[in-house]
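Q: Count along the sequence shown from 1, add 13, and you get the number used in my numbering. Glycine included, each C-beta is placed from N, C-alpha and C at the ideal position.
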Amino acid sequence: MGDVYAFIAFYLNHQEEVETYLKQRQQQAQEIRHMNETRFDPQGLRDRLLARKVEQQR
14 MGDVYAFIAF
24 YLNHQEEVET
34 YLKQRQQQAQ
44 EIRHMNETRF
54 DPQGLRDRLL
64 ARKVEQQR
């Protein structure tokens, strides 16, 4: 329980830095998601995975 209070105290004392960090991480996640969607077309993914599974079972 003490960890929760320590976290809240840290956040309250460093709110601006925490918010900046979280925004940066969110932006990085969006960039990575976009890169992955560009590299690996999500259209038809389920069908391709099912076809691969059928091939492996033969």
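Just to confirm before moving on: does the CB-CB distance between V31 and Y24 stay below 7 angstroms?
A: Cβ atoms of V31 and Y24: closer than 7 angstroms.
Q: Is DSSP giving Q56 helix, strand or coil here?
A: Looking at Q56 - three-state DSSP - the assignment turns out to be coil, as it is neither helix nor strand.
Q: Helix, strand or coil: how does DSSP classify R38 here?
A: Note: R38 maps to helix in three-state DSSP.
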